[in-house]
Each structure stands twice: as C-alpha cells, then as structure tokens.
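**Q** Numbering (the working numbering), first residue to last: 4 to 617.
Every residue gets a Cβ at the ideal spot worked out from N, C-alpha and C, and that includes glycine.
On a predicted model such as this, the values are computed, not experimentally measured, just so you know.
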C-alpha cells in the first residue's frame, strides 16, 4: 500500500511539473508574440513620416516676442513653443521684403535664382493682374513633399503671383507649386483693402495720373468754351484728340488704382475666387478655422500645413476680443491676437495626439516696418530689438534677423537655444531630409538644420551668407571656423532720411539703387558676435584680421557668383546677371485686365463667401 501511495504521489508531482513547464512555455510564447507585435507597432510609428505645421507671420519684428526679450507684450503661446523646443537667435531671411523672402523660403534658394529680385523701385508684386510670380519650373518644398506622398496645404498669404498669359492659367498659383489645397489671399493684406486707410501702391504715380487726367479734362473744357464763345478757331480734331487723351488718362488712373480693393483684396479657395473684395473684419477667424480643419482632415496621414498669417502687416486688425488689451496700442493688440492663434493651432495638434510626430515651426518673413506710423494709431510696424534697420533696409540686421522656433516633443530637446547663423532657406533641405526625400535637386543655398537642432553638431554649415537688396549683393556674413566672431561686410547701405534717422521716412521703404544708396570702399565691417547692433565699425587698427576678412569675403563672393549661370560675367560684385527671366520688371508687375482673377464677369467682379464659411 505504501509503495502504491508513493508511486501515486510521484505521478502527481510529475504531472504538476509538466503542467507548470507547459504554462511557462505558453506564457513565454505569448510574451514574445506581444513583444514582437509591440516592436512592430513601434517600428511603424518610427517609420511614419512626421507632419509639418509652418507658421509664418508677416512683418513681425524679432523684438516683438517675449522669448526674444519683449517683456511688455504678452505672447505666452509662442513662448511656450520656444520653451518646449529649440529657439534660433540668428535666423536670417534671404531678403528684407515679403515677395523675395517668401520665394527663398519656399525654394531653399536665393530669390535671384528664380528671378524674384528687383532692379528698381518695385521690390514686391503689386497687382494680382500682373504676370510676374514664382516661375512654374521652380521647385518648392511643398512640391517635393507632395511627391513623397504628403497632403499639402497653404492657408493665408501667398504673394508669389497667379497668372502668366491668361486669366485662369494659374501658372504661379499655389496649386501649381505643390499645394494640393489653398485657401487665403493670393496677394497680401495691404492698406487699400480697408477704405480710409490710404494706399500702398505707387502713390506718386497715382497722383501724377490723377493730375494729368484733371489737366486734360480742364484743357478740353477750356477749348470747348473758347470754340462755343467764338473767341478762337479751335479745330474739331483737336477737341476729339483732347477728349480721347482725357478718356485714356482717366482709364489708366481710375480703373487699376481706384479699384485696387476689388482687384487685389480677394480670397481664393484653390483656383476659385470666393470673395471679392474680401471682408477684412472676419479674415483672422476664417483663416484659423481653415488651418484647424486642414489638420483635422489629415490627422491620419502625413501632412504639411503652411499657415501664412495675414497679421501683422498693415492695415492692423480691430478684432473686438483683442482691441485695447495690450500696452502697445493696436499693434500690440494684433500681436496678442497672433499669439492666441498660435495657441489654437498648437492645441489642435496636441488634442489630436499628433504632438510627438509633428514639427511646428514659427517665424516671420522679415523684420518689422519701422517707418509705418501715423498720428492717430501711433507705431504700426514692429520692433526689431537691438538690431539696426528693418523691413526693406537691405542687409542691416533688423530687416533680416527673425524669430525661429522649432517644437517637436520627443525629437528636439526642450529649451535648447542655437546661436549659430541659420537661414529661412534651410527649411527646404530640412523638410526634404525628414520626409526621406533623397532624389537629386538643383542648386540649393540652405542646409539641413536637424544636426544643429538636435545638438549633434555645434556649428552651422553656413560659413558665409549673402545678403541682397533687390538683385544687388549688399552684404556678406562670415563665420570663421576658428572663431566665435561673425563678421559682416556691407558693400553699400541705404540712405536714411532725414539724416540721422533710422529709416527712409521720405519714401516709407528704402530703395536699393542709384541715389538711394551709398557705396563704401572699403566696405563697412562689423563683428556681430561682439556688436550685434552694428554700431561700432571695425578698422585696420581695431581688428587684427581686417585685411584677411576683406580678402576672404571677396573670394567667397566670387565663388558665390560662379554658381549663377551667366552669359557674360561681370566684375561688379554688387550685381549678378542671371539667365532666369526677371519676374519683378515693370513689364511683369503692371496690371493687365486679361490676367485679373475675377468672380463673375469681368469687369463686374464681386462675390461674398458662403455664410457657413463666415
């Protein structure tokens, strides 16, 4: 009996051990399956291309933002982006005006390479009915990402042209440059869009045409009176000629200029004009809603959103919720509205669970407009902090140094600050890299920012940077490999007026040619590392490397010039002759009725957006 009991107990123990081992094996198998599945899911997350939300403000000064030193205007949402991401302190626009700067931003190339640089007084596109714009054969970062499977959208300001040869060919339109969706202003917000705010477009020409029209009309009236009174024999054909000239002068003045609000201040959804002229009062809310809806519609696929705000260009908005809230008048109110909009976009991204896979970038197209002010509203342009100059002032730092913030939780270290020279043109190669676009490209002037943003390298790849005023090479920045100094050479500078002022208060924007500039031989030289406000000119006595700096920059200019295909190379270091057709000539700029976007039958253009969109 005892043996039977012992054998029975042994069998039970054997059975329990086998059962335990089987259970352990099953558990191990299940755990390995779960780990494999988890690693597969993680790999898929890591392999998924990131989203991009690019926020650009118009005419924003670097000194307007709290995280860049402003302690009187409240910008908590923008400051939060900086504290949760990387802040660039030397982020440089390729031009101090919107059209060329945005062309460079979109293409990663100096604007001269695409013909988006001016030789004369007109430095930006002035009419939607002109034929100039970003050439159809140019490549934007949106086009490259679209080819990588991204859904791409632009909400807000474009200002890079619409049509080439006929109304509706849309050769310069965002849809033709890689944006699968567009809603916003094909032109820009400017004073003519709001009655009573004055005009921004060729004011002196408008006045001359108006006076010519009145003069011809008065001459015609006088000749008719003289003929009727029999005081003098007046030829019938002279009266006909004066009448025709009066009609032509009136048409040339009245049609394009008096109706500028109708021609330029419109809203398009893709290639359809949905509002003409636009209702400015509701514009911020509509642009924000469109940007948020684009993010929500595409939350389950890789997307690029370029949110190009109409703020903070004049005329300034008067949104009731922000009116009178700031300590800096209407400009401060508008800036605090911008901050609120940035907060709404950030909240939309975060609420959809997209934060860890979305790069949010905040910047401005160039510096603030110092000369824009009046007695009623006060200062209407931005503050460029300690930096000299502003919008349209060539290579002076205040017009080209802009805020640059990148936020990407989990990929970029929070609170990191980069003091290296970087450029808005760097965004193009950065987006290409992150979208895994390895296809060949044309000549680029920007560099991939990720090694600098992630702290993998201490120095930017920009040893030299070139600063243009229109199509003229205005200044060169050199960051020697063996030094912290950043030297800047100015070949010419705009003539400020009145003398001693900090801007061109006679013309309202500085010009780049003729009697409007002063050329310097030898060039002006500054060290931005020790003198960021460019107030202490270096001399051979004060700078031991003075001769070396001029020699190095001169050689860099020659190398830079060699990258432009030219039929005839000039020895003039101030200008470049490119074979690309100039898109900023008078021929391209001036208004042509057959190119004018219109809802309705031209010239009876006019429509309002559906109430659901308002």
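#1: Taking 6 Å as the limit between beta carbons, can you name the residues of its chain near residue 271, skipping five residues before and five after?
#2: In angstroms with no decimal places, state the Cα-to-Cα distance between residue 180 and residue 154.
#3: In the DSSP assignment, what are the bridge partners of residue 468?
#4: Identify, in the order they occur along the chain, each residue of the same chain with its Cβ nearer than 7 Å to the Cβ of residue 149, setting aside the five sequence neighbours on each side.
#5: Per the DSSP calculation, residue 641 is bridged to which residue(s)?
#6: Nearer than 7 Å: is that true of the beta carbon of residue 400 relative to any heavy atom of the ligand ADP?
#7: Where residue 497 and residue 605 are concerned, what is the direct C-alpha to C-alpha distance, given to the nearest angstrom?
#8: Among the residues of its own chain, which have a CB less than 7 Å from the CB of residue 452, if the five just before and after it don't count?
#9: Rounded to a whole number of angstroms, what is the C-alpha to C-alpha distance between residue 262 and residue 599?
#10: Kindly indicate which residue of 491, 602, 435 has the alpha-carbon position closest to the one of residue 559.
#11: Three Cβ pairs or more, each shorter than 8 Å: is that satisfied between the segment 380 to 394 and the segment 324 to 337?
#12: Would you list, in sequence order, the uninterrupted alpha helix (DSSP H) runs of no fewer than 4 residues that lie entirely inside the segment 118 to 201?
#13: In this structure, does DSSP put residue 453 in helix, strand or coil?
#14: Buried or exposed for residue 477, please, with buried defined as at least 16 other CB atoms from any protein chain shown within 10 angstroms of its CB.
#15: Drop a sphere of 10 angstroms on the beta-carbon of residue 45, count the other beta-carbons inside from all chains shown, and report buried for 16 or more, exposed for fewer.
#16: If you draw a straight line from the alpha carbon of residue 489 to that of residue 531, how long is it in whole angstroms?
#17: Tell me the residue span of the alpha helix (DSSP H) that contains residue 364.
#18: Counting only the same chain and skipping the five closest in sequence on each side, list residues whose C-beta sits under 6 Å from that of residue 63.
#19: Which stretch, first to last residue, makes up the beta strand (DSSP E) that contains residue 410?
#20: Give the straight-line distance between the Cα atoms of residue 56 and residue 410, rounded to the nearest whole angstrom.
#21: Buried or exposed: residue 359, going by 16 or more other Cβ atoms within 10 Å of its Cβ?
#22: Is there contact between the segment 397 to 404 and the segment 458 to 473, where contact requires at least three CB pairs shorter than 8 Å?
#23: Apart from the five residues just before and just after residue 198, which ones in its own chain have a Cβ nearer than 8 Å to its Cβ?
#24: List in chain order: all unbroken alpha helix (DSSP H) runs of 4+ residues lying wholly within the segment 55 to 119.
#25: Is the beta carbon of residue 114 closer than 8 Å to that of residue 97?
#26: Exposed or buried, which one is residue 351 when buried takes at least 16 other CB atoms within 10 Å?
#27: For the segment 239 to 248 against the segment 275 to 286, are there 3 or more C-beta pairs whose distance is under 8 Å?
#28: Is residue 603 helix, strand or coil when you go by DSSP?
#29: Return the Cβ separation of residue 159 and residue 313 in integer angstroms, given the expectation that the two are a contact with Cβ distance under 8 Å.
#30: Count the C-beta pairs between the segment 413 to 423 and the segment 86 to 95 that are closer than 8 Å, then say yes if the count reaches three, no if not.
#31: Buried or exposed for residue 140, please, with buried defined as at least 16 other CB atoms from any protein chain shown within 10 angstroms of its CB.
**A** According to the data block:
#1: Start at 1 with the first residue of the chain shown, and residue 271 comes out as number 268. Here the set comprises 189.
#2: Within the chain shown, residue 180 is the residue found at index 177, counting from 1. Within the chain shown, residue 154 is the residue found at index 151, counting from 1. Distance from the CA of residue 180 to the CA of residue 154, rounded to the nearest whole angstrom, comes to 13 Å.
#3: For the purposes of this step, residue 468 is taken as residue 465 along the chain shown, with counting starting at 1. Per DSSP, 480.
#4: Taking the first residue of the chain shown as 1, we reach residue 149 at position 146. Cβ within range, chain order: 155, 181, 183.
#5: The question about residue 641 has no answer, for the chain in this structure spans 4 to 617.
#6: Judged by which ligands are present, the structure shown has none, so any question about the ligand ADP falls away.
#7: Start at 1 with the first residue of the chain shown, and residue 497 comes out as number 494. Start at 1 with the first residue of the chain shown, and residue 605 comes out as number 602. Distance between the alpha carbons of residue 497 and residue 605: 42 Å.
#8: Start at 1 with the first residue of the chain shown, and residue 452 comes out as number 449. Taken in chain order, the residues that qualify are 425, 429, 433.
#9: Against the chain shown, residue 262 aligns to sequence position 259. Against the chain shown, residue 599 aligns to sequence position 596. Their backbone Cα atoms lie some 12 Å apart in a straight line.
#10: Taking the first residue of the chain shown as position 1, residue 559 is located at position 556. The candidate whose alpha carbon is nearest that of residue 559 is 491.
#11: yes
#12: Segments of the alpha helix (DSSP H) lying fully in the segment 118 to 201: 144 to 150.
#13: Taking the first residue of the chain shown as position 1, residue 453 is located at position 450. The answer is helix: DSSP assigns residue 453 an H, G or I state.
#14: Residue mapping note: residue 477 aligns to position 474 of the chain shown, counting from 1. Label assigned to residue 477: buried.
#15: Against the chain shown, residue 45 aligns to sequence position 42. Residue placement at residue 45 is poorly supported in this model, since its pLDDT is 38, which falls under 50; the coordinates are not used for a value here.
#16: The residue labelled residue 489 in the question sits at position 486 within the chain shown. The residue labelled residue 531 in the question sits at position 528 within the chain shown. Whole-angstrom Cα-Cα distance: 5 Å.
#17: In the chain shown, residue 364 corresponds to position 361, counting from 1. Counting along the chain, residue 364 falls outside any alpha helix (DSSP H), though it belongs to the beta strand (DSSP E) covering 361 to 367.
#18: Sequence index remark: in the chain shown, residue 63 carries index 60 (1-based). The residues are 315, 367, 385.
#19: One-based indexing of the chain shown puts residue 410 at position 407. Where residue 410 is concerned, the enclosing beta strand (DSSP E) stretches over 404 to 410.
#20: Residue mapping note: residue 56 aligns to position 53 of the chain shown, counting from 1. Residue mapping note: residue 410 aligns to position 407 of the chain shown, counting from 1. If I take the Cα positions, the gap works out to 10 Å.
#21: By 1-based counting over the chain shown, the position of residue 359 is 356. With fewer than 16 other Cβ atoms within 10 Å, it is exposed.
#22: Between the segment 397 to 404 and the segment 458 to 473 there are three or more C-beta pairs closer than 8 Å, enough to call the two in contact.
#23: Position 195 of the chain shown holds residue 198. So the qualifying residues of the chain are 264.
#24: Within the segment 55 to 119, the complete alpha helix (DSSP H) runs of at least 4 residues are 79 to 86, 101 to 110.
#25: Taking the chain shown and counting its residues from 1, one reaches residue 97 at position 94. Taking the chain shown and counting its residues from 1, one reaches residue 114 at position 111. Yes.
#26: For the purposes of this step, residue 351 is identified with residue 348 of the chain shown, where counting begins at 1. It counts as buried.
#27: no
#28: Position 600 of the chain shown holds residue 603. Under the three-state reduction of DSSP output, residue 603 falls in the strand class.
#29: By 1-based counting over the chain shown, the position of residue 159 is 156. By 1-based counting over the chain shown, the position of residue 313 is 310. Indeed they touch by this definition, with Cβ atoms about 6 Å apart.
#30: yes
#31: Start at 1 with the first residue of the chain shown, and residue 140 comes out as number 137. Exposed, since its Cβ has fewer than 16 Cβ neighbours within 10 Å.
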